[in-house]
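Worksheet for the structure shown next.
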Amino acid sequence: MPHNPDIIATVETFLNPSIPNNFGKIKGYSAWHRRARVNNTFGGIAVCFRDGLVVMALDINMEEHLELSFFKLWTRNMDTILLCVCYHPQWQGSDPINYIYGNLDSLLLQHSCKHFIMLGDLNQYLVERSFQELLTDYGLSNYVDFPTHISGSSLDPVITDLPEGVITCRPLGMVGSSDHTAVFTTITTPVERDKPADRINWLWNRGTTGHM
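When you line the sequence shown up against the numbering used here, it's residues 1068 to 1279, in that order.
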């Protein structure tokens, strides 16, 4: 996997329940955590995590049409991060931003998370006022300051309350047939991983069976 990411988040996947859950699984990563658009082939979210990363997928009660997925991450110093991956289609108006604005405090409290990261295709230019109110009122910053769409627009923010200097973003170029640029985000606060387990691998094809 190029760039060796710990987390891969994709939106507008077009995956629906008819697609097997193991479709597109990447070696060394979890199965995709998917949220499909209800009664529609388009839209959708899929997120996977490097094996060994300490992460919990959260079951959040919200309206079915919202394309939001939530996860809890642990850092090595045991801080906790609430990760939200969002796809905001134009027809949803301000609904996704309004949901986050009205529920962020309770989500952080309920799941004992200290910090918040939100990323995805937010089309925030359509709801600029609501987006700016979310940033201002919750002390969030957007670290994507470059175009992420072939139109020259920046539609795929990475917003967080993590301290300045902890997080950086850069474009990676188009992926496949997408008209969006992949965004590579680096967070210098390392996340917790499962402790490695000692194990023995028997190489039967190299053994001398006559001496066994």
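By construction, the Cβ of each residue, glycine as well, lies at the ideal position given by its N, Cα and C atoms.
These figures come from a predicted structure and were not determined experimentally.
For the stretch 1079-1087 and the stretch 1117-1124, state whether three or more C-beta atom pairs, one from each stretch, are separated by less than 8 Å.
The stretch 1079-1087 vs the stretch 1117-1124: no contact.
Assign residue 1252 to one of three DSSP states: helix, strand, or coil.
strand
Going by C-alpha to C-alpha distance, which of 1252, 1209, 1204 sits closest to residue 1172?
Ranking 1252, 1209, 1204 by Cα distance to residue 1172 puts 1204 first.
Under 8 Å: does the beta carbon of residue 1187 sit that close to some heavy atom of the ligand SAH?
No copy of the ligand SAH occurs in the structure displayed, which carries no ligand at all.
The beta strand (DSSP E) with residue 1110 in it runs from where to where?
Run containing residue 1110: none; DSSP gives neither H nor E here.
Roughly how many angstroms lie between the CA atoms of residue 1096 and residue 1250, to the nearest whole one?
19 Å
Sort 1093, 1214, 1141 by Cα distance to residue 1181 and report the nearest one.
1141
Can you list, in chain order, the residues of its chain with a C-beta nearer than 7 Å to that of residue 1235? Leave out the 5 residues immediately preceding and following it.
1210, 1253
Opposing strand residues paired with residue 1158 [DSSP bridges]:
Answer is none; residue 1158 lacks a bridge partner.
What residue range does the alpha helix (DSSP H) around residue 1117 cover?
From DSSP, residue 1117 is part of no alpha helix (DSSP H); its letter is neither H nor E.
Could you check where the beta strand (DSSP E) with residue 1188 kicks off and where it finishes?
1182-1188
By DSSP's criteria, residue 1213 is part of a beta bridge. Which residues make up the other side?
Answer by DSSP bridge pairing: none, since residue 1213 is not bridged.
When you compare only the Cα positions, how much space is there between residue 1131 and residue 1223?
22 Å
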